[in-house]
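S.K.:
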Amino acid sequence: MPPIIEDAARRGIITAIFVLLFFGLGHMGGIGALLSMAAGIAGVVYVVRSQRKFDSKEQQAGEKVSWAVLAAYGVAVSFFASLLVAVVVYGSLRLQPDFIVNQLEATIQVLSTMPEYSELRMQFENMIEQGHVPTAVDMMCSVLIMMMFTGLAIGIVGATIAKISNRRYK
Numbered sequence: 011m012p013p014i015i016e017d018a019a020r021r022g023i024i025t026a027i028f029v030l031l032f033f034g035l036g037h038m039g040g041i042g043a044l045l046s047m048a049a050g051i052a053g054v055v056y057v058v059r060s061q062r063k064f065d066s067k068e069q070q071a072g073e074k075v076s077w078a079v080l081a082a083y084g085v086a087v088s089f090f091a092s093l094l095v096a097v098v099v100y101g102s103l104r105l106q107p108d109f110i111v112n113q114l115e116a117t118i119q120v121l122s123t124m125p126e127y128s129e130l131r132m133q134f135e136n137m138i139e140q141g142h143v144p145t146a147v148d149m150m151c152s153v154l155i156m157m158m159f160t161g162l163a164i165g166i167v168g169a170t171i172a173k174i175s176n177r178r179y180k
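For the sequence shown, the positions run 11 to 180 when the numbering used here is used.
#1: Shortest alpha-carbon distance to residue 157 belongs to which of 176, 141, 118, 87?
#2: With distances taken between CB atoms, is the gap from residue 92 to residue 154 smaller than 8 Å?
#3: Could you give the uninterrupted runs of the alpha helix (DSSP H) lying entirely in the region 123 to 176, keeping only those of 4 residues or more?
#4: By how many angstroms is the C-alpha of residue 17 removed from the C-alpha of residue 80?
#5: With a cut-off of 8 Å on the beta carbons, I'd call residue 132 and residue 114 a contact; round off their distance for me.
#6: Closest by CA to residue 139, which one among 118, 71, 15?
#7: Which of the three DSSP states is assigned to residue 75 in this structure?
#8: Buried or exposed for residue 25, going by 16 or more other Cβ atoms inside 10 Å?
#9: Pick out whichever of 61, 52, 84 has its Cα sitting closest to the Cα of residue 175.
#10: What's the call for residue 108, buried or exposed, on a 16-neighbour Cβ count within 10 Å?
#11: Report all residues from its chain with a CB closer than 7 Å to the CB of residue 30; omit the five preceding and five following residues, and keep chain order.
#12: Is the distance from the Cβ of residue 22 to the Cβ of residue 90 below 8 Å?
#13: Using C-beta distances below 7 Å, list every residue in its chain close to residue 19, excluding the 5 sequence neighbours before and after it, in chain order.
#14: Mind reading off the beta-carbon distance from residue 101 to residue 57? Whole number of angstroms is fine, and I expect it under 8 Å.
#15: What do you reckon, are the CB atoms on residue 53 and residue 28 nearer than 8 Å?
#16: Measure the alpha-carbon distance for residue 143 versus residue 47 and round it to whole angstroms.
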């Protein structure tokens, strides 16, 4: 396995921990939501710092790393993180198959107290009645797609930050 992929996979595991903390703490409310945001920001900073370290390490070795390779490295870190997060989401929903339905029912109860959201409440009720509730595989695919798109954005921004900051401190 090429060293760049191995390094991205290792860093992807750590990034996955930040993402899982983000998802897990977000459901707690209050201080948990604040800690969730902190974990999300820390995950983004970790990926960007990984790109910066990779760029500076290659520069010290006398290698020139292109901007595209550096952005792809950030995407690779996010890809490996998304694999672990998707497996955890899939496993969790397989262990608790009624989780999504229960969350929809709780949302319907809250929305029933607000008349301005009656159309949204009716859409959620129709989802449950007609069986259009996403499955564990649907949610796993959604997590993979979401993390790849955010990984692409973070990879591009991180590569730009790494190139600018490493030039400044050169």
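Backbone N, C-alpha and C define an ideal beta-carbon position, used for all residues, glycine too.
M.R.: With the given structure in hand:
#1: Taking the first residue of the sequence shown as position 1, residue 157 is located at position 147. Of 176, 141, 118, 87, the residue nearest in Cα terms is 87.
#2: In the sequence shown, the residue the question calls residue 92 occupies position 82. In the sequence shown, the residue the question calls residue 154 occupies position 144. Going by C-beta atoms, residue 92 is nearer than 8 Å to residue 154.
#3: 128 to 140
#4: Stepping through the sequence shown from its first residue, residue 80 is reached at position 70. Stepping through the sequence shown from its first residue, residue 17 is reached at position 7. For the pair residue 80 and residue 17, the Cα-to-Cα distance works out to about 13 Å.
#5: Mapped onto the sequence shown, residue 132 falls at position 122. Mapped onto the sequence shown, residue 114 falls at position 104. About 12 Å; that fails the 8 Å criterion.
#6: Taking the first residue of the sequence shown as position 1, residue 139 is located at position 129. Residue 118 is the option with its Cα nearest to residue 139.
#7: The count along the sequence shown starts at 1 and reaches residue 75 at position 65. Coil at residue 75, not helix or strand.
#8: What you label residue 25 is simply residue 15 of the sequence shown in a count that begins at 1. By the 10 Å Cβ count, residue 25 comes out buried.
#9: Taking the first residue of the sequence shown as position 1, residue 175 is located at position 165. Nearest option by C-alpha distance: 61.
#10: Translated into positions along the sequence shown, residue 108 becomes position 98. Result: exposed.
#11: Translated into the one-based positions of the sequence shown, residue 30 becomes position 20. Only 95, 98 meet the Cβ criterion.
#12: Start at 1 with the first residue of the sequence shown, and residue 22 comes out as number 12. Start at 1 with the first residue of the sequence shown, and residue 90 comes out as number 80. Result yes, Cβ atoms of residue 22 and residue 90 sit closer than 8 Å.
#13: What you label residue 19 is simply residue 9 of the sequence shown in a count that begins at 1. Hits under 7 Å: 90.
#14: The sequence position of residue 101 within the sequence shown is 91, counting from 1. The sequence position of residue 57 within the sequence shown is 47, counting from 1. Contact doesn't hold; Cβ gap of about 24 Å is too wide.
#15: Position 43 of the sequence shown holds residue 53. Position 18 of the sequence shown holds residue 28. Yes, Cβ-Cβ distance for residue 53 and residue 28 is below 8 Å.
#16: Numbered from its first residue, the sequence shown carries residue 143 at position 133. Numbered from its first residue, the sequence shown carries residue 47 at position 37. Rounded to the nearest angstrom, the two C-alpha atoms are 27 Å apart.
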